[in-house]
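Since the structure comes first, as structure tokens, the remarks are kept for the end.
Protein chains: 2
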Amino acid sequence: MTRDMILGLEVVLPDGSVISALNRMIKNNAGYDLKHLFIGSEGTLGVITRLVLRLFPKPACTFAALCALPSYEAVVGLLSAARRGLGPMLSAFEVMWPDYWEVVAGMPGVRVPLPAGHAAYCLVEAQGTDETFDAPRFQAWLEAQAEAGLLADAVVSRSLADVTTFWGVRDACSEFPQVLGPHEPFDIGLPVAAMDAYVRACKAALEARLPGAFALFYGHIGDGNLHIVAGLRGAVPQPKDVIQEVVYGLVREFGGTVSAEHGIGLTKKPWLGHVRSDAEIALMRRLKTLMDPAGVLNPGKVV
Amino acid sequence: MTRDMILGLEVVLPDGSVISALNRMIKNNAGYDLKHLFIGSEGTLGVITRLVLRLFPKPACTFAALCALPSYEAVVGLLSAARRGLGPMLSAFEVMWPDYWEVVAGMPGVRVPLPAGHAAYCLVEAQGTDETFDAPRFQAWLEAQAEAGLLADAVVSRSLADVTTFWGVRDACSEFPQVLGPHEPFDIGLPVAAMDAYVRACKAALEARLPGAFALFYGHIGDGNLHIVAGLRGAVPQPKDVIQEVVYGLVREFGGTVSAEHGIGLTKKPWLGHVRSDAEIALMRRLKTLMDPAGVLNPGKVV
């Protein structure tokens, strides 16, 4: 999370005062932590003018496996095994549902190294500090998962070029506007255990409200983030309101969030009440009024 | 940091309203992040009544080395090498200055496995997920640091009992009230590169202001935290004001913090202005007035 990489900041308030909180230490518990008030506030509480970032050494080596799994239960099992067995080496855990995989397999220029037809697909990536120890460790971990019955099929990287190829399957979503035509993109968050039930409920509700609609699901579930692209082929304009009602209505039901990483802005503002309580939103408004009484900073956004 | 382990919370405000922000997701960017306003606010902005904690699997194995180093530059070099070579396996990096080591070596019941007389001592701990790979890796990493000239002497753990023995040297500070008599304890934070210069300046200034005063320095510099115990043997009462002036005056000069982890409360409140700007403290006061206009929550603390 970007938030976790920020040690300090300088911010200018609407009255022109400068809050200089350019902390350089990992731990500083002298008074209230002001920086988190501004991070992610989308420019509505102050203008950030300087940042102190936390840096880490570049990892020495990267490994990846592209896996086909027999069920979503196996996905949750694999994530748990990765956290236990790879520990903090685990650097990505991307899940792709079958509809996503089938669309990407048909795209020109994308090499898809596993056949369609499985219940779920995962891209597992690990970064290490010493290839001598970490390469056999990653291989051994993957073999143990296959023996435990979590994998229906898998390919493991033998080079950084392989890692790039595997990521090509996940990054193919950037071509969706050309491939799928008009659609609605979503960036939601959900408790990991609830994610597949959400996906099934969402597909069913979309089919009921908009027969023939498509919906592809994929995301980095290691941090609870699910992306959705949904639409009705050929419809101009797209039935945006209905799609949002279905997707965000179920987010509320499953205890998720309407924005995992991209913020609220204007477009998600009507849905903020789905995932934050009245008391939370009232407090956000009080903070906004305190910091920016005249409402000059990014007016109308977030709250 | 405890802060990083908290996903969500429920807090009661002075007006009786309940802010329920029991988020269960790692990433949630729907509106302002309210939880960080309450974490570390020492009960002055609201009363936290429930928490959602982030959990991690228990590490499978732990290794430690107790090292003697020829200089503080070698300490910084070893920390950098640990971040690069052990990566996120690194779970503790404790430094003890020579005065600390000598006092602990003389304490009954503490086994000190390295001789006195070195410029600095470090306890390096790593936690792994697979002993088969991680034990030889830790050993190889330590040998490489010895070959690079960073270590004057070192002992490495061969069992969890050894790890406990090594921590005994660092944890002996809990007996300081019995061993040293009355003294002032400190919990400061400093940029890691400045830490030894601070220690030397602090010892010199204490000696100048209070001839014969003792001062022991130790801390977990992996996160920039330095502990100090300082006092004048036999003095009743202790010259507390002078010691605080020296320690906190130099913290201001070196760009540190008067509280790395234990907060401000009442005792550090006079020193808050040493490390937070007037604009920061003014904003903290505005937040306090907004949240608790009648001043009923933990009155008089922090700001």
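Heads up: the protein sequence lines correspond to chains X and F, in order.
Using my numbering, you'd call the opening residue of the first sequence number 14 and step up by one each time.
Using my numbering, you'd call the opening residue of the second sequence number 14 and step up by one each time.
Note that beta-carbon positions come from the ideal geometry of N, C-alpha and C, so glycine has one too.
This structure is a prediction, so every number in the text was calculated from the model and none was measured.
Cβ-Cβ distance between residue i and residue j below 9 Å
| i | j | result |
| --- | --- | --- |
| residue 43 of chain F | residue 241 of chain X | no |
| residue 131 of chain F | residue 166 of chain F | yes |
| residue 53 of chain F | residue 16 of chain F | yes |
| residue 311 of chain X | residue 270 of chain F | no |
| residue 32 of chain X | residue 197 of chain F | no |
| residue 315 of chain F | residue 297 of chain F | yes |
| residue 300 of chain F | residue 26 of chain F | no |
| residue 146 of chain X | residue 76 of chain X | no |
| residue 102 of chain F | residue 90 of chain X | no |
| residue 70 of chain F | residue 93 of chain X | yes |
| residue 228 of chain F | residue 239 of chain F | no |
| residue 73 of chain F | residue 162 of chain F | no |
| residue 193 of chain F | residue 246 of chain F | yes |
| residue 267 of chain F | residue 221 of chain F | no |
Neighbouring residues, chain X, relative to residue i (Cβ below 7 Å)
| i | result |
| --- | --- |
| residue 202 of chain F | 38, 40, 41 |
| residue 30 of chain F | 292 |
| residue 237 of chain F | 38, 39, 40 |
| residue 70 of chain F | 96, 97 |
| residue 289 of chain F | 43, 44 |
| residue 91 of chain F | In chain order: nothing, as chain X lies at least about 14 Å away. |
Closer than 9 Å to chain X by CB, residue i
| i | result |
| --- | --- |
| residue 275 of chain F | yes |
| residue 137 of chain F | no |
| residue 18 of chain F | no |
| residue 122 of chain F | no |
| residue 147 of chain F | yes |
| residue 281 of chain F | yes |
| residue 285 of chain F | yes |
| residue 22 of chain F | no |
| residue 58 of chain F | yes |
| residue 164 of chain F | no |
Per-residue contacts from residue i into chain F (C-beta, under 7 Å)
| i | result |
| --- | --- |
| residue 172 of chain X | In chain order: nothing, as chain F lies at least about 21 Å away. |
| residue 270 of chain X | 38, 41, 43 |
| residue 299 of chain X | 303 |
| residue 296 of chain X | 32, 47 |
| residue 155 of chain X | Neighbours of residue 155 of chain X on chain F: none; closest Cβ ~13 Å, over 7 Å. |
Proximal chain F residues relative to residue i, where beta-carbon distance stays under 9 Å
| i | result |
| --- | --- |
| residue 316 of chain X | 44, 45 |
| residue 64 of chain X | By Cβ distance, chain F contributes nothing, its closest Cβ being about 16 Å from residue 64 of chain X, past 9 Å. |
Minimum Cβ-Cβ distance from residue i to chain F less than 9 Å
| i | result |
| --- | --- |
| residue 254 of chain X | no |
| residue 34 of chain X | yes |
| residue 161 of chain X | no |
| residue 142 of chain X | yes |
| residue 88 of chain X | no |
| residue 176 of chain X | no |
| residue 114 of chain X | no |
| residue 73 of chain X | yes |
| residue 358 of chain X | Not covered by the structure: residue 358 of chain X. The range shown for chain X is 14 to 316. |
| residue 310 of chain X | no |
| residue 50 of chain X | yes |
| residue 26 of chain X | yes |
Chain X residues whose Cβ lies nearer than 8 Å to that of residue i
| i | result |
| --- | --- |
| residue 101 of chain F | 100, 101, 102 |
| residue 79 of chain F | Within chain X, no residue comes near residue 79 of chain F; the closest Cβ sits about 22 Å away, beyond 8 Å. |
| residue 14 of chain F | 39, 40 |
| residue 240 of chain F | Here the premise fails: no neighbours, minimum Cβ distance about 12 Å. |
| residue 127 of chain F | Here the premise fails: no neighbours, minimum Cβ distance about 26 Å. |
Chain-ordered neighbours of residue i on chain F, where CB pairs are closer than 8 Å
| i | result |
| --- | --- |
| residue 53 of chain X | 42, 45, 46 |
| residue 150 of chain X | 143, 146 |
| residue 82 of chain X | Residues of chain F passing the Cβ test: none, with the nearest at roughly 20 Å. |
Proximity test, residue i beta-carbon vs the ligand NAP heavy atom, cut-off 8 Å
| i | result |
| --- | --- |
| residue 190 of chain F | Of ligands this structure carries none, so the ligand NAP is not represented either. |
Supposed contact pair residue j and residue i - C-beta distance, whole angstroms, cut 8 Å
| i | j | result |
| --- | --- | --- |
| residue 237 of chain X | residue 202 of chain X | 5 Å |
| residue 154 of chain F | residue 98 of chain F | 5 Å |
| residue 29 of chain F | residue 108 of chain F | Contact doesn't hold; Cβ gap of about 47 Å is too wide. |
| residue 230 of chain F | residue 134 of chain F | Incorrect: roughly 11 Å between the Cβ atoms, too far for contact. |
| residue 137 of chain F | residue 78 of chain F | 5 Å |
| residue 41 of chain F | residue 105 of chain X | Their Cβ separation, rounded to whole angstroms, is 19 Å, which puts residue 41 of chain F and residue 105 of chain X out of contact at 8 Å. |
| residue 264 of chain X | residue 223 of chain X | With 8 Å as the limit, residue 264 of chain X and residue 223 of chain X do not qualify as a contact, their Cβ atoms being about 18 Å apart. |
| residue 111 of chain X | residue 129 of chain X | 7 Å |
8 Å Cβ cut-off: residues of chain B touching residue i
| i | result |
| --- | --- |
| residue 263 of chain X | Although the question refers to chain B, the structure presented lacks it and instead comprises the protein chains X and F. |
Counting Cβ pairs, one atom from each stretch, are 3 or more of them under 8 Å apart for the stretch 17 to 26 of chain F and the stretch 60 to 73 of chain F? Note that the stretch 17 to 26 of chain F touches the stretch 60 to 73 of chain F; at least 3 beta-carbon pairs, one per stretch, sit closer than 8 Å.
Check whether the stretch 248 to 266 of chain X touches the stretch 187 to 197 of chain X, counting contact only when three or more Cβ pairs, one atom from each stretch, lie closer than 8 Å. Verdict: yes, contact present.
Examine the Cβ distances between the stretch 123 to 139 of chain F and the stretch 179 to 190 of chain F and report whether three or more of them are shorter than 8 Å. Short answer: they touch.
Are there three or more Cβ pairs, one per stretch, closer than 8 Å when the stretch 213 to 229 of chain F is compared with the stretch 278 to 285 of chain F? In this structure the stretch 213 to 229 of chain F does not touch the stretch 278 to 285 of chain F; the number of beta carbon pairs closer than 8 Å is below three.
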